[in-house]
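Asker:
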Amino acid sequence: MEKLKVKFMKYVSLNVMGMIGISCYILADTLFVSKALGTVGLASLNFSIPVFSIIQGIGLMIGIGGATDYSINEQQKISNNTSFTQSLYLGGIMSIVFVLLGGFFAKDLSTLLGADEATLSLTKTYLTTIMLFAPFFICNNILLAFIRNDNNPKLSMIAMLTSSLANIILDYVFMFPFSMGIFGAALATSLSPIISLCILSIHFTQKNQNIHFVKSKILFSKIYHIMTLGLSSLIGELTSAISLITFNLIILRIDGNTGVAAYGIVANVALIATSIFTGISQGIQPLSSEYYGRGDMTLVNRILRYSMTTTIIFAVLIYTIVCIFTNEIVAIFNSEQNMKLMMIASQGMKIYFLGYLFAGINIVSSAFFSSISKAKQGMIISILRSALILIPAVLLLSIFFKMDGIWYSFVITELAVFILNNIFLQDFKLRTSKSM
131 MEKLKVKFMK YVSLNVMGMI GISCYILADT LFVSKALGTV GLASLNFSIP
181 VFSIIQGIGL MIGIGGATDY SINEQQKISN NTSFTQSLYL GGIMSIVFVL
231 LGGFFAKDLS TLLGADEATL SLTKTYLTTI MLFAPFFICN NILLAFIRND
281 NNPKLSMIAM LTSSLANIIL DYVFMFPFSM GIFGAALATS LSPIISLCIL
331 SIHFTQKNQN IHFVKSKILF SKIYHIMTLG LSSLIGELTS AISLITFNLI
381 ILRIDGNTGV AAYGIVANVA LIATSIFTGI SQGIQPLSSE YYGRGDMTLV
431 NRILRYSMTT TIIFAVLIYT IVCIFTNEIV AIFNSEQNMK LMMIASQGMK
481 IYFLGYLFAG INIVSSAFFS SISKAKQGMI ISILRSALIL IPAVLLLSIF
531 FKMDGIWYSF VITELAVFIL NNIFLQDFKL RTSKSM
């Protein structure tokens, strides 16, 4: 049992640190854009983030879905490098779609996302750059997941943290000494996965590595299976993308670009919280998939218990820190000392982060179910969070409570999903206790 705890802590801690690093891609952009371009720059960046979330979500879907299939097959002694090869094929196809959209439709997409005359040019520039580099973001997420499952979580963590540090440095260099504006922020973010891929390539030179490309035609049944296993991860990212788009469009009517900028501050700080819970999810995935593949439900249940306990501790800690340091956090991004921006963001942060007392459990549970081939439960949790409850809640509450209604819609959504999620978890525990 102690050995399992040590293994759990190793995988989870490395992935949490790595995911925090990845969240710094956008957080660093937000910080430097706020300093260089003020409220208009912040609003433009906020209109662009949903597309970045979708690109990351596609990469996570393919990477986690493929790596889960790989890990379960490995335990069942089935040839598993087909999973790696098909994941790369799927990643290539999706990359082409994003490159074409970025090259030809960035302006239309910017308008669709809510950019107006003041923010259109900056939004278009950021979107074009990010989408042209989509192949690197997607491939990076695929390799991170497979290398983590090939018993090398440390290298994955090093790659994520190093690329994030490089992003922060390049953000500063491109935006201030070189005065490249929002293009500099987008370019710094886009170069980061390339740095990560260079580090990850070390894995393929090591003797004890098992993953490699195999000659194979596109197997649609395998691709479908990979997408099914990883779909909850994509929907998890779509949660933030859809909510961000919806919130942006409604806030634009209520409080204009200043309101959008305020939400951008809250949403970007929230990315750190989400990354912590995503890190826990990715940390337990190789372990729960391995033990499920063996048929050892006792260890699967222990992993679930450890992950829930860890998630609750982080959720309480995050909310406590946000409540104590709300004004200080907002001030970091408010270089213009805009009092309206400060008021909206500070009020919103205290309400919005209440939702993370429930969101953490929802995020980790969704990934857990997918990691043991129970994609249906994971998908239901993710879809409810991303659209079926959230969008009606924000549309309704914003009518009666304006900005406060927008913040509370997230809290109510996560609470409702949390209640359903607990039913799923209790059912799983009951079924497995009978089989043990």
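Residues 131 to 566 in the working numbering are what the sequence shown spells out, letter by letter. Glycine included, every Cβ here is placed at the ideal spot set by N, Cα and C. In this text, all values refer to a predicted model and were calculated from it rather than measured experimentally.
State the Cα-Cα distance for the pair residue 401 and residue 177, rounded to the nearest angstrom.
Answerer: C-alpha separation (whole angstroms): 15 Å.
Asker: In angstroms with no decimal places, state the Cα-to-Cα distance between residue 195 and residue 235.
Answerer: 29 Å
Asker: Whose C-alpha, out of 460, 487 and 357, is nearest the C-alpha of residue 169?
Answerer: Nearest C-alpha to residue 169: 460.
Asker: Can you grab the Cα-Cα spacing for the pair residue 427 / residue 224, in whole Å?
Answerer: 35 Å
Asker: Less than 7 Å between the beta carbons of residue 358 and residue 505, yes or no?
Answerer: yes
Asker: So, at 8 Å on beta carbons, what are the nonlocal neighbours of residue 568 in its own chain, with the 5 sequence-adjacent residues on each side left out?
Answerer: Within the shown structure, residues of the chain are numbered from 131 to 566, placing residue 568 beyond reach of any answer.
Asker: To the nearest angstrom, how far is it from the Cα of residue 542 to the Cα of residue 314?
Answerer: 38 Å
Asker: Are residue 373 and residue 175 touching if we call contact CB-CB under 7 Å?
Answerer: no
Asker: Return the CA-CA distance between residue 383 and residue 537, expressed in angstroms with no decimal places.
Answerer: 15 Å
Asker: To the nearest angstrom, report how far apart residue 539 and residue 523 are at their CA atoms.
Answerer: 5 Å
Asker: I'd like to check one pair, residue 341 with residue 266: are the Cβ atoms closer than 7 Å?
Answerer: Contact annotation: residue 266 and residue 341 have beta-carbon atoms that are not nearer than 7 Å.
Asker: As a quick exercise: from 560, 413, 158 and 186, pick the residue whose alpha carbon is nearest that of residue 299.
Answerer: 158
Asker: Contact check, residue 228 vs residue 185 under 8 Å by CB: the rounded distance?
Answerer: 6 Å
Asker: Where residue 425 and residue 252 are concerned, what is the direct C-alpha to C-alpha distance, given to the nearest angstrom?
Answerer: Approximately 52 Å, taken between the alpha carbons.
Asker: Starting from the Cα of residue 356, find the closest Cα among 193, 334 and 445 and give me that residue.
Answerer: 193
Asker: For a minimum of 4 consecutive residues, which ranges assigned as the alpha helix (DSSP H) are wholly contained in the stretch 157 to 238?
Answerer: 211 to 234
Asker: Spatial neighbours of residue 475 within its chain, please: C-beta separation below 7 Å, excluding the five flanking residues on both sides.
Answerer: 392, 395, 396 and 460
Asker: If you run the structure through DSSP and keep just helix, strand and coil, what is residue 374?
Answerer: helix
Asker: With 16 as the cutoff for other CB atoms within 10 Å, does residue 269 come out buried or exposed?
Answerer: buried
Asker: Residue range of the alpha helix (DSSP H) that residue 249 falls in?
Answerer: Counting along the chain, residue 249 falls outside any alpha helix (DSSP H), and DSSP gives it neither H nor E.
Asker: Can you tell me whether residue 527 is buried or exposed, with buried defined as 16 or more other CB within 10 angstroms of its CB?
Answerer: It counts as buried.
Asker: Counting pairs of beta carbons, one from the stretch 493 to 500 and one from the stretch 408 to 423, are three or more of them closer than 8 Å?
Answerer: yes
Asker: Would you identify the three-state DSSP class for residue 522, choosing helix, strand or coil?
Answerer: It is helical.
Asker: Helix, strand or coil: which one does DSSP assign to residue 336?
Answerer: coil
Asker: Any beta carbon from chain B within less than 7 Å of residue 169's own beta carbon?
Answerer: Of the chains in the structure shown, none is chain B; there is only one protein chain.
Asker: What does the alpha-carbon distance come out to for the pair residue 557 and residue 432?
Answerer: Cα to Cα, residue 557 sits roughly 16 Å from residue 432.
Asker: In its own chain, which residues sit with a C-beta less than 7 Å from the C-beta of residue 567, not counting the 5 before and 5 after it?
Answerer: Since the first and last residues shown for the chain are 131 and 566, residue 567 lies out of range.
Asker: Measuring CA to CA, which of 150, 133 and 139 is closest to residue 406?
Answerer: 150
Asker: Which of the three DSSP states is assigned to residue 425 in this structure?
Answerer: coil
Asker: Just how far apart, CA to CA, sit residue 478 and residue 530?
Answerer: Going by the C-alpha atoms only, they are around 16 Å apart.
Asker: For residue 509, which residues of its own chain have a beta-carbon under 7 Å away from its beta-carbon, when the five flanking residues on both sides are left out?
Answerer: 361, 362 and 365
Asker: Can you tell me whether residue 471 is buried or exposed? The criterion is at least 16 other CB atoms within 10 Å of its CB, across all chains shown.
Answerer: buried
Asker: Could you give the residue range of the alpha helix (DSSP H) that holds residue 471?
Answerer: 469 to 482
Asker: For the putative contact between residue 511 and residue 492, defined by C-beta atoms under 8 Å, what is the C-beta separation to the nearest angstrom?
Answerer: 6 Å
Asker: Within the continuous alpha helix (DSSP H) that includes residue 515, where are the two ends?
Answerer: Where residue 515 is concerned, there is no enclosing alpha helix (DSSP H), given that its DSSP letter is neither H nor E.
Asker: Quick one: give me the first and last residue of the alpha helix (DSSP H) that residue 281 is part of.
Answerer: Unbroken run through residue 281: none, as it is neither H nor E.
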